[in-house]
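Okay, so here's the structure we're looking at.
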Amino acid sequence: MKISFPHMGYSYLALKWLVENTGHECIVPPEPSSRTLDLGVRHAPEFACIPFKILMGTYLEVAEKGAEVILTSGGMGPCRAGLYWVMHQYILDELNTGVKVVAFEPPLCDLKDFIKKLRWVRKTGGLSVKEFVQAIRITWEKIKAIDEVEMLSHEIRPYETNRGETTRRLWQALEMLDAANNEAEIKDAMQEGLKLLQEVSQDHSRNPLKIGIIGEIYVVLEPAANHYIQIMLGEMGVQTDRSIYLTSYTRKNTIVNLEGDIFEVAKPYLGEAPIGGHGANSIGETILYARHGFDGVVQLAPFACIPEIVAKSIIPTVTKDYGIPVLTLFIDEQTGKAGVQTRLEAFVDLLEKRREVKAKRGIERLVI
Amino acid sequence: MIKGYLGVDVGSVSTNLVVIDDQNQLLVEQYLRTNGKPIETVQQGLYAIGQELPADVQIAGAATTGSARYLTSLIVGADIVKNEITAHAIASSALAEDVKTIIEIGGQDSKIIILRDGVVTDFAMNTVCAAGTGSFLDQQASRLLILIEEFGNYALKAKNPVRIAGRCAVFAESDMVHKQQLGYNTEDIIAGLCEALVRNYMNNVGKGKEILAPVMFQGGVAANQGLVQAFNKYLGLEVIVPKYYGVMGAIGAAILARQASRKKIKTSFKGFNIQEINFKTSSFECKGCSNACEVVQFYENSELLARWGDRCGKWEMDSM
Amino acid sequence: MSKIGIPRTLAYFIYFPFWKTFFEELNQEVIVSSPTTRDILDDGVREAVNDACIPIKLYHGHVAELASKVDYIFCPRLVSVRKHGDFGTETFCPKFLGLPDMVRLAMDNLPEIIDVRVDLKQGKDELLNVCYQVGDLLGKPEVEIKGAYQRALLIQKRFKKLLSQNMMPEEAIDILFANGERKSLLSRPDLQIAVIGYPYAIYDDYINGRILSLLEKENVKVYTQDMLSDKMMNRQARNLPKSMFWYFSNRAVYGALHFMQQKNIDGIIHITAFACGPDSIVDRLLEIESRRHGQIPYLSIAVDEHTGDAGVRTRVEAFLDMLRFRRDKS
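Residue numbers (this note's numbering), protein chains in the order written: chain A, 1236 to 1603; chain B, 9 to 328; chain C, 373 to 702.
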């Protein structure tokens, strides 16, 4: 079968490997471009959020390339993302693409369905159970390795002395991981990739600002949707920490539920959790970043994202109580890179001044 | 010889240039329409302001701001590039140390900046919608066949401002037409439009912000007395319109240029007579991968100054 | 005796009889905000977070109107009213889930908010538990609370019965509490239309441009999903790949699908709220389903802070003309 899936950050490298190594042909989803968005906007409901529109565009692009099946995730609500596959299927049918969307619902909700769908992927690819489990294991290792190198890149970038070097080395590291075919090779590629990054020429006399990135999973994970915000901030000399990585997310939702803690943290502000998506998490994470001495937080959310709107309405109180500035960026198809950059630059200026004022509080009055 | 500092603010609607001296006194200013041609406009503006500038002033520093700040910095030879939010805050607090709130409304952008003790503590810019910006009034003015400059005078004559509903310009226009058909007079309708703009601004940009006096109201739209009155009414206080309300961003940039010049031996400023120089951009599609990035190249005559637009950093080159 | 304020929006149109009875049985005075007005809407737009949908803004406006007049605002945290959906996880929209927090943090000078958590999928006696909590807050003994609860259940049942007799909520409320009389039915309706949507959109006259009275004047018989029994609606679940996650959305979708299958229904009007997240899905789904159901005419009307009567009338009139034209042609 010709299989495709949503593009979400760099994880596509691992998923591509999985499809190709389970007896199927992979139609690699292209990185979302302006064409992806145009296609998506044309066929999606006007008030659907940006992840829906980008995915819609991606699915139409892979359909053009001959994809027959799209594997994606479902959800138990109340965030509407869990229903997106239903709507995507409706619209793909309307457009007579012949593409079938197969959604994996959370195994905690419907284990039987989850296993049934996995078995279907395995059987149509002609693999034994053992081979299939092995392929999934390697994919998982690959995702973990991808997350590892990406995390390190965001730590190192603010120290780089040659602008862009970290990012170029990140691409190299990802290419090496792409070529790895078993657990040993992945490990080697990861070590080499991490080494590449550590060897970036750095200036450690800097004391970069620290910003936490929180918000809705898709716009947080997909750089093409958030205008490469972490690279942008890194090149402004800011160290970023992202609340969501695929490895942490998948763990939380399918193996162990680690989210209990974060809801407890958010509780004084939000009496109900979860409220869908990452709404409650965003409140809790803002508090955690404040406690860990971060200078500020950027909340990324699709325009009209229901849970993040609830969070946004509560965050100003958290800002007041914990003294941590939060910049909310609602992203839709009209958000331009320039607008995002201007806001981030001003936010960084604000944080830098705060640091200065904190350092010499009471001694000298500062003009911005 | 007097030292002068150049500030250039290039936005989507207007391009402003100023030169200030060491005491933050404005020596000369220029205001031009950008008309979608930032390069030519900046060249023209530089030439014009150079003509006006007294002969004994020498430029010791230059800075750019506004949405085209990076491009402009290459043309001008800027010592520092800064976003327009910070630039506006710097200009206002230089003018009045205790300013706590800045309302800035431009052609397509509007922002609010909250300062406490001279430090920016919060800010917001308008989201996608233009309802709280100058273009909202521009559109309605042309619809009413009234010069935008006259708007304020009409609004001040209004006795009972009409309530114009409208989240966006399109809805406001249809509601305005409806009110015209109901026979309301022009003055009341215009005052109503001013109030609608203020309401939209406060509900969008100003939402949830603690607005404390002194409030400074700047940006090209601040010329409109009708709007000043509407803001006073809504906020229940008197907003201050600075003398050079239209070029505050450029003034902020100029102040930054002065600060930056202290750290530099010599300014990178290229001079006022750059009209002869042929700046141009060209672009090509990178075939390196499936992203097919559009890479933009910026030339000064035949010399490649900068390149940007690629996602992987393969082509990127930055003279700054 | 305390004054309990209930905003005339959101869940009001479906659950008001229960709570009015419950509070009055406990000797409290129930004060309902006035039907939506321009001022209420303006207050809501000013108070609520900018990116919120119209119903949430409206709710803030109704709370503002009540704030100075009452001792308590009844703003329960509506989580769920049943175990439903593909995984039994149906809830209300996330904005309902966070509503008491949003209201409390957005507005100053509020009276005490009764934000009891209503999560009925927990079990059969959950509603009684909720009542105990509310009654306890008012300092009432358990036995009295239980009595009030039973009486409230009874009235709510009567209310539902009236709705099932094709009555609109406000009319039924009038009959139950103010000795109102049943409006005479259209003797020979010209057209029969199902108006689908969230109760706070279809029954709020101000926000929807008076669409129901407009239809009545045009001699149209109107049906809404709230006139159907749960059983009739839930039957539709199997016609969907996956149920919605939200209670009111499921009712709207099931109701619409039901009416699409009825021969006597000439068309469907879906009233949707501007910037409503769930509706971005519901509306497109219904549009596609209406095409699949033999091209039954489907009109979607989005209401927002400045829906003019005129705009709605134009659209509705054109829709009715089209229906009549279709009918006369066949």
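Yeah, the Cβ is synthetic: ideal placement off N, Cα and C, and Gly gets one too. None of the values given here were measured: they were computed from a predicted structure.
Check	Outcome
Which residues DSSP lists as bridging N24 (chain B), in chain order	B:D17 and B:Y39
7 Å Cβ cutoff, K119 (chain B) in contact with chain C	no
First through last residue of the alpha helix (DSSP H) which encompasses Y209 (chain B)	T194 to N212
Exposed unless 16 or more other CB atoms sit within 10 angstroms - verdict on E689 (chain C)	exposed
Proximity test, Cβ basis, 7 Å: N422 (chain C) and chain B	yes
Whether L82 (chain B) touches A314 (chain B) by CB criterion (7 Å)	yes
Contact with chain B by P1503 (chain A), beta-carbon distance below 7 Å	no
Within 7 Å, strictly: CB atoms of M224 (chain B) and V107 (chain B)	yes
G377 (chain C) beta carbon less than 7 Å from that of I412 (chain C)	no
Assigned secondary structure, P472 (chain C) (DSSP; H/G/I helix, E/B strand, else coil)	helix
C-beta neighbour in chain C for K187 (chain B), strict 7 Å	no
Interface flag, V675 (chain C) vs chain B, CB-CB below 7 Å	no
For A1302 (chain A) and K1237 (chain A), believed in contact at Cβ under 8 Å, the rounded distance	5 Å
Exposed unless 16 or more other CB atoms sit within 10 angstroms - verdict on W1355 (chain A)	exposed
Beta-carbon proximity list for L584 (chain C), same chain, < 8 Å, skipping 5 on both sides	M540, V567, I574, Y575, D577 and V594
Length of the line joining the Cα atoms of I428 (chain C) and C1261 (chain A)	44 Å
Closer than 7 Å to chain C by CB, N212 (chain B)	yes
Among C:V654, C:V488, C:E437 and C:Y431, nearest to S615 (chain C) - alpha-carbon criterion	C:V654
For K165 (chain B), three-class secondary structure by DSSP	coil
Residue nearest to G227 (chain B) in terms of C-alpha spacing, selected from B:I154, B:N24, B:K165 and B:E311	B:N24
Partner residues on chain C for K215 (chain B), Cβ-Cβ distance less than 8 Å	V421 and N422
7 Å CB neighbourhood of Q528 (chain C) in its chain, flanking five on each side removed	P389 and F390
Proximity test, Cβ basis, 7 Å: N91 (chain B) and chain A	yes
Enclosing alpha helix (DSSP H) for I259 (chain B) [first to last residue]	M256 to S269
Distance, E308 (chain B) Cα to C284 (chain B) Cα	According to the sequence shown, residue 284 (chain B) is Glu rather than Cys. The straight-line gap from Cα to Cα measures roughly 10 Å.
The beta strand (DSSP E) enclosing F225 (chain B), as first and last residue numbers	V223 to Q226
Closer than 7 Å to chain A by CB, S269 (chain B)	no
Segments assigned alpha helix (DSSP H), at least 4 residues, entirely inside the segment 1290-1348 of chain A	1319-1329
Segment contact, 8 Å Cβ cut-off, at least three pairs: the segment 203-216 of chain B with the segment 406-423 of chain C	yes
Chain B contact residues for R418 (chain C), given Cβ-Cβ distances below 7 Å	N211
Assumed close pair K646 (chain C), D676 (chain C) - CB separation to whole angstroms, cut-off 8 Å	Note that residue 646 (chain C) is Phe in the sequence shown here, rather than Lys. Indeed, because the Cβ distance is near 3 Å, the residues count as touching under 8 Å.
Rounded straight-line distance, which links the Cα of G191 (chain B) to that of L695 (chain C)	36 Å
Per DSSP, cross-strand counterpart(s) of K1179 (chain A)	It is not possible to answer for residue 1179 (chain A), since the shown part of chain A is limited to 1236 through 1603.
Straight-line gap, D125 (chain B) to L243 (chain B) (C-alpha atoms, nearest Å)	21 Å
Residue environment, D415 (chain C), which counts as buried when at least 16 other CB atoms sit within 10 Å	buried
Cut-off 6 Å between Cβ atoms - residues of its own chain near G53 (chain B), not counting five sequence neighbours on either side	T23, L25, Q38 and L40
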